[in-house]
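Report on the structure given below.
Numbering (the working numbering), first residue to last: 276 to 538.
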């Protein structure tokens, strides 16, 4: 199949216009006329993912995080982006990122994380508006769960996200019934919305020290399940979408591993 057909599906699923201003989702390397039969789906395009794609005779890597974010003036050997792009070019690999546009779209990663954690009556936390698209989309989600103890919900987060360890901020609540999720990196811009929804608890990742202090001060019990922990389900879920839409396509799943090791 032609790459153009695959891109049309991806951008119907998660329009590029849905991405955040800093992001670089979309086609990063390659021709839309390329023939694609094997695609590797991963969270990050690192050396291991790239080598695995080559070993599996893939023509394309579809990652959640784009290989290139900001403006880069050089692809000289020695930099992480340079080494990856040079190796991809040498092996005729297409690179495509499906990042914050997939986070924010209806049925995308934020919604999938909610469903993974058993959250119902899901609503958009930080809604965006588009004249071109009528469907609600935006960053983060919140909704309801069956009432349970804070300890029980902590166990659910660990088990359903297959995590050995998570960290939290604040006093574990006696009862949890409303939960917000903000996958990837926490953004302090959502704090005011969280306060308006209180009592609520937050599941997020990449929580910084002073942001954690602020959340604690506002009484928002927060679970930091990690950037990797809250987004690794992208691999399985995106692969399922591709397999359902393109049965002729061979989809290779590469979950990788967290960059952090806990001692």
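Just so it is clear, CB atoms sit at the ideal spot from N, CA and C, and this is done for glycine as well.
### Message
Does residue 536 pass the burial test, meaning 16 or more other C-beta atoms within 10 Å, or should it be called exposed?
### Response
exposed
### Query
Buried or exposed: which applies to residue 412, given that a residue is buried once 16 or more other Cβ atoms fall within 10 Å of its Cβ?
buried
### Interface flag, residue 484 vs chain D, CB-CB below 8 Å
In the structure shown, chain D cannot be found, because there is only a single protein chain.
### Message
Once DSSP output is grouped into helix, strand and coil, what is the label at residue 374?
### Response
The answer is coil: DSSP assigns residue 374 none of H, G, I, E or B.
### Query
Are residue 417 and residue 472 touching if we call contact CB-CB under 8 Å?
Taking 8 Å as the cut-off, the beta carbon of residue 417 is found closer than this to the beta carbon of residue 472.
### Query
Would a C-beta distance cut-off of 8 Å place residue 384 and residue 299 closer than the cut-off?
Cβ distance not < 8 Å, so residue 384 and residue 299 don't count as in contact.
### Task
Could you have a look at residue 351 and say whether DSSP puts it in helix, strand or coil?
DSSP, reduced to helix, strand and coil, places residue 351 outside both helices and strands of the structure shown, so it counts as coil.
### Query
What did DSSP end up calling residue 519 once you bin it into helix, strand or coil?
helix
### Task
Give the single residue among 285, 278, 277, 332 whose Cα lies nearest to the Cα of residue 513.
285
### Message
With H, G and I counted as helix, E and B as strand and the rest as coil, what does DSSP make of residue 317?
### Response
strand
### Message
Starting from residue 400, trace the beta strand (DSSP E) in both directions and tell me its first and last residue.
### Response
395-403
### Query
Going along the chain, which residues of its own chain have a beta-carbon closer than 7 Å to the beta-carbon of residue 435, five neighbours each way excluded?
391, 392
### Message
Tell me which residue opens and which closes the alpha helix (DSSP H) that residue 525 is part of.
### Response
Counting along the chain, residue 525 falls outside any alpha helix (DSSP H), though it belongs to the beta strand (DSSP E) covering 525-529.
### Message
Going by C-alpha to C-alpha distance, which of 379, 502, 368, 476 sits closest to residue 310?
### Response
368
### Message
Between the alpha carbons of residue 287 and residue 516, how many angstroms are there, rounded?
### Response
Rounded to the nearest angstrom, the two C-alpha atoms are 12 Å apart.
### Task
Assuming residue 324 and residue 529 form a contact by the criterion Cβ under 8 Å, report the distance between their Cβ atoms to the nearest whole angstrom.
5 Å
#### Entry: Segment limits, beta strand (DSSP E) that includes residue 421
Residue 421 -> beta strand (DSSP E) spans 412-423.
### Query
According to DSSP, is residue 496 helix, strand or coil?
The answer is strand: DSSP assigns residue 496 an E or B state.
### Task
Please determine if the stretch 441-455 and the stretch 419-427 are in contact, where contact requires at least 3 C-beta pairs separated by less than 8 Å.
yes
### Task
Measuring alpha carbon to alpha carbon, tell me which of 538, 527, 531, 533 ends up nearest residue 312.
527
### Query
Got a sec? Which residues, its chain only, sit under 6 Å from residue 497 by beta carbon, not counting five neighbours each side?
Within the same chain, 444, 477, 490 come within 6 Å of residue 497 by CB-CB distance, once the 5 residues on both sides are set aside.
### Message
Which residues does DSSP list as the beta-bridge partners of residue 606?
### Response
Outside the shown range of the chain, which is 276 to 538, sits residue 606, and nothing can be said about it.
### Query
Is the beta carbon of residue 414 sitting closer than 8 Å to the one on residue 378?
yes
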